[in-house]
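Protein chains: 2
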Amino acid sequence: MAEPLDPEMFDPVCPSSALPVQIGDKWTAMVVLCLEAGPRRFSELKVPLRAVTPKVLTQTLRAMQRDGLVTRTAYDENPPRVEYALTPLGRSLLTLIDAARAWSSAARCCLLQARAEHSH
Amino acid sequence: MAEPLDPEMFDPVCPSSALPVQIGDKWTAMVVLCLEAGPRRFSELKVPLRAVTPKVLTQTLRAMQRDGLVTRTAYDENPPRVEYALTPLGRSLLTLIDAARAWSSAARCCLLQARAEHSH
DNA sequence: GAAACCGGTTACTTCAACGATACCGGCGGT
DNA sequence: ACCGCCGGTATCGTTGAAGTAACCGGTTTC
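Heads up: the sequence lines are chains A and B, in that order.
FYI, my numbering numbers position 55 of the first sequence as 247, with every residue one higher than the one before it.
FYI, my numbering numbers position 104 of the second sequence as 296, with every residue one higher than the one before it.
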């Protein structure tokens with residue numbers, strides 16, 4: 193829960209890039225995975241999601257908040273602190289995400305092989 | 193297998209429009225569902241997918257064929273006949289699609305309620 | 001001869017998501 | 001006085017998927 197997020201958490205050469213299985217917006221599933229182990233700050237999320245710009249991360253988090261997937265808690269401190277956490281609904285996405293990841297890694301070889309043969 | 197596809201198979205007000213869970217391109221999952229019960233012709237697919245244009249349906253089917261999800265069989269008859277069928281890999285997507293549909297219908301109420309409260 | 005069916009193709013346009021870059025205000029530290 | 005941290009905004013540009021509308025060639029049917 194207190195452990196820092198792994199900067200390599202999301203491989204730039206993602207297995208799911210073969211046949212994308214997308215949940216919500218482009219970054220939604222990755223945010224859910226980042227929050228799986230507990231609440232995170234905005235700048236903590238930027239570490240594994242280093243390919244995302246602050247604008248898009250804000251957009252994603254606002255949409256997820258609107259949909260009841262995450263909560264946003266701002267602490268009136270200095271320096272400012274904002275924490276995002278999964279709601280039960282957001283947490284319920286984890287099983288679906290896991291299923292998608294399982295399918296992706298299982299099917300990746302077949303898929304890439306089919307593509308290779310297609311352009312033989 | 194020989195039964196015609198239901199034109200109302202895909203509700204225009206789709207449950208998954210709340211938080212879209214997308215597999216491959218926009219129409220990929222729907223094509224898989226159309227082919228679940230057996231091979232289908234191009235024009236048969238257009239019936240339940242009446243919101244898709246032939247161009248986009250062709251694109252989708254070509255991509256799925258390239259990825260080894262469907263096979264395309266052209267019969268040299270008159271009038272011409274082309275049949276699309278699921279491969280085992282394409283069929284393996286069904287469990288994932290079912291999981292996505294289950295989550296969507298289970299979460300839809302929560303999601304819409306969260307959105308409503310958000311703009312209360 | 002005209003029209004319809006089948007399985008598409010072609011050219012043009014639109015639109016929203018995504019990205020790049022720069023900037024902001026309040027505060028604490030040096 | 002200045003810099004950096006934090007959690008964002010603002011502005012602009014790009015891109016690619018998707019949609020619209022029209023057309024095609026071969027064949028049977030009217």
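Just so it is clear, CB atoms sit at the ideal spot from N, CA and C, and this is done for glycine as well.
Asked                                                                                                                                    : Found
Any non-hydrogen atom of the ligand NAP closer than 6 angstroms to G282 of chain B Cβ                                                    : Absence of the ligand NAP from the depicted structure is noted, as is the absence of any ligand whatsoever, leaving it without description.
Per-residue DSSP class, three states only, for T252 of chain A                                                                           : helix
Nearest-angstrom beta carbon gap, V223 of chain A and L253 of chain A [assumed within contact, 8 angstroms]                              : 7 angstroms
Contact under 7 angstroms by Cβ, P303 of chain A with A210 of chain A                                                                    : In the sequence as displayed, the identity of residue 303 of chain A is Leu instead of Pro. Yes; because the gap between Cβ atoms is below 7 angstroms, this pair is in contact.
Which of helix, strand or coil DSSP assigns to A229 of chain A                                                                           : coil
Close beta carbons around L285 of chain B, own chain, < 6 angstroms, minus the five adjacent residues each side                          : V224
Pair within 7 angstroms by beta-carbon distance, A292 of chain B and V213 of chain B                                                     : yes
Among A:R283, A:Y267 and A:A294, nearest to R233 of chain A - alpha-carbon criterion                                                     : A:Y267
Beta carbon of D259 of chain B nearer than 7 angstroms to that of A299 of chain A                                                        : no
Contact residues within the stretch 208 to 219 of chain B, judged by C-beta distance below 9 angstroms to chain A                        : A210, L211, P212, V213, Q214, I215, G216 and D217
Contact check, L261 of chain B vs L288 of chain B, beta carbons under 7 angstroms                                                        : no
Alpha carbon of V274 of chain B to alpha carbon of K247 of chain B, nearest angstrom                                                     : 16 angstroms
Residues of its chain near D198 of chain A, where Cβ-Cβ distance is below 7 angstroms and the 5 sequence neighbours each way are ignored : P240
Chain A contact for S255 of chain B (CB, 7 angstroms cutoff)                                                                             : The amino acid occupying residue 255 of chain B in the given sequence is Ala; Ser does not appear at that position. A255 of chain B does not count as touching chain A.
Burial state of M256 of chain A (16 or more Cβ within 10 Å)                                                                              : buried
Segment limits, beta strand (DSSP E) that includes R293 of chain A                                                                       : Per DSSP, R293 of chain A belongs to no beta strand (DSSP E); it is in the alpha helix (DSSP H), P280 to H310.
Contacting residues, own chain, Cβ-Cβ under 8 angstroms from R264 of chain A (five flanking each side not counted)                       : L253, Q257, V274, E275 and Y276
Cβ of L304 of chain A within 7 angstroms of any chain B Cβ                                                                               : no
CA-to-CA distance, I215 of chain A to R283 of chain A, given in whole angstroms                                                          : 13 angstroms
Partners in chain A for H310 of chain B, counting only beta-carbon separations shorter than 7 angstroms                                  : R258
Under 8 angstroms by beta carbon: chain B residues contacting L281 of chain A                                                            : A299, C302, L303 and A306
Length of the line joining the Cα atoms of C301 of chain B and A308 of chain B                                                           : 10 angstroms
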